[in-house]
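Okay, structure first, notes after.
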């Protein structure tokens with residue numbers, strides 16, 4: 002059974018719209034993350050949460066808002082979508098501490114037209 | 097400015113040969129270096145990691161060599177198998193740098209039978 006679930010697997014959106022990417026982990030981890038992978042850039046760290054609190058934010062744009070409704074959930078809301086937001090978004094999780102192994106989900110591939 | 101660099105961008109080896117993947121970094125505070133393996137359509141998966149107190153880490157056919165003075169490391173894949181064909185990412189983090197992993201641009205390895 003998959004331990005990190007990301008939904009949907011593929012997502013097509015129009016410019017200016019809003020989408021929510023879902024992430025659930027069943028590894029019993031306390032820290033969760035979002036990364037982005039595009040053709041133009043390597044895997045890029047976006048956010049980290051620990052015990053449902055924002056710990057690190059390296060996303061310059063406020064259009065990206067993580068949402069943690071439960072300990073094992075970390076969704077990503079993206080507003081006012083732009084074509085440049087087209088990428089694969091990966092959710093990851095780790096036990097808790099710094100430099101614990103981060104486990105990645107299968108990703109959500111977003112295409113903004 | 098890319099903090100973690102990888103070379104070559106792509107590499108083809110014959111089955112049974114040793115593939116050597118290179119990684120270099122700039123930030124001297126980096127002290128944890130995981131290598132991730134990624135297959136098309138999947139999320140990255142941790143392959144092997146090393147901390148800066150060590151100069152070598154071995155796990156089966158995969159070995160990391162680390163040179164702290166030169167800020168370089170390499171991943172050696174011995175007895176390469178067709179199943180090793182994937183993209184390999186070198187990543188780095190600093191204990192005081194939060195939980196973010198900084199990824200290189202990756203090396204795509206193709207193993208020909």
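Chains as they are written, first to last, in our numbering: chain A, 2 to 114; chain B, 97 to 209. The beta-carbon is built from N, C-alpha and C at its ideal position, and this holds for glycine as well.
Proximal residues to residue i (C-beta, below 7 angstroms), its chain only, five neighbours per side dropped
| i | result |
| --- | --- |
| residue 56/A | 49 and 50 |
| residue 17/A | 81 and 82 |
| residue 209/B | 111 and 178 |
| residue 190/B | 123, 125, 126 and 127 |
Within chain B, the residues that residue i reaches when beta carbons sit closer than 9 angstroms
| i | result |
| --- | --- |
| residue 114/A | Ordered by position in chain B, no residue passes the 9 angstroms Cβ test against residue 114/A, which lies about 21 angstroms from the chain. |
| residue 65/A | Residues of chain B passing the Cβ test: none, with the nearest at roughly 15 angstroms. |
Among the options, nearest to residue i - alpha-carbon criterion
| i | options | result |
| --- | --- | --- |
| residue 107/A | 46/A, 23/A, 16/A and 58/A | 23/A |
| residue 84/A | 34/A, 15/A and 74/A | 15/A |
| residue 181/B | 147/B, 100/B, 117/B and 101/B | 117/B |
| residue 159/B | 199/B, 187/B, 185/B and 171/B | 171/B |
| residue 204/B | 140/B, 121/B, 123/B and 99/B | 140/B |
| residue 27/A | 4/A, 8/A, 59/A and 76/A | 4/A |
| residue 147/B | 99/A, 109/A and 105/A | 99/A |
| residue 155/B | 125/B, 173/B and 99/B | 173/B |
Chain-ordered chain A contacts of residue i [CB-CB under 7 angstroms]
| i | result |
| --- | --- |
| residue 202/B | 43 |
Residue i: contacting residues in chain A (beta-carbon distance under 9 angstroms)
| i | result |
| --- | --- |
| residue 158/B | Neighbours of residue 158/B on chain A: none; closest Cβ ~15 angstroms, over 9 angstroms. |
| residue 189/B | 99 and 100 |
| residue 185/B | 43 and 44 |
| residue 199/B | 36, 38, 43, 44, 45 and 46 |
Contacting residues, own chain, Cβ-Cβ under 8 angstroms from residue i (five flanking each side not counted)
| i | result |
| --- | --- |
| residue 87/A | 39, 111, 112 and 113 |
| residue 196/B | 189 |
| residue 206/B | 106, 107, 108, 109 and 181 |
Contacting residues, own chain, Cβ-Cβ under 6 angstroms from residue i (five flanking each side not counted)
| i | result |
| --- | --- |
| residue 6/A | 25 |
| residue 130/B | 142, 145 and 187 |
| residue 103/B | 118 |
| residue 66/A | 78 |
| residue 46/A | 36 and 59 |
Partners in chain A for residue i, counting only beta-carbon separations shorter than 8 angstroms
| i | result |
| --- | --- |
| residue 140/B | 44, 91 and 105 |
| residue 162/B | Result: empty, since nearest Cβ-Cβ is about 15 angstroms, beyond 8 angstroms. |
- Interface residues of the segment 77-107 of chain A facing chain B [CB-CB below 7 angstroms]: 91, 99, 100, 102, 103, 105, 106 and 107
- Query: On the three-pair Cβ rule with 8 angstroms, is the segment 26-43 of chain A touching the segment 88-105 of chain A?
  - Reply: yes
- Inspect the CB distances between the segment 62-70 of chain A and the segment 102-113 of chain B and report whether three or more fall short of 8 angstroms. no
- Task: Compile a chain-ordered list of the residues in the segment 14-35 of chain A whose CB is closer than 9 angstroms to at least one CB of chain B.
- Result: 32 and 34
- Item | chain A contacts made by the segment 98-130 of chain B, where a contact means CB separation under 9 angstroms | 98, 100, 102, 127, 128 and 130
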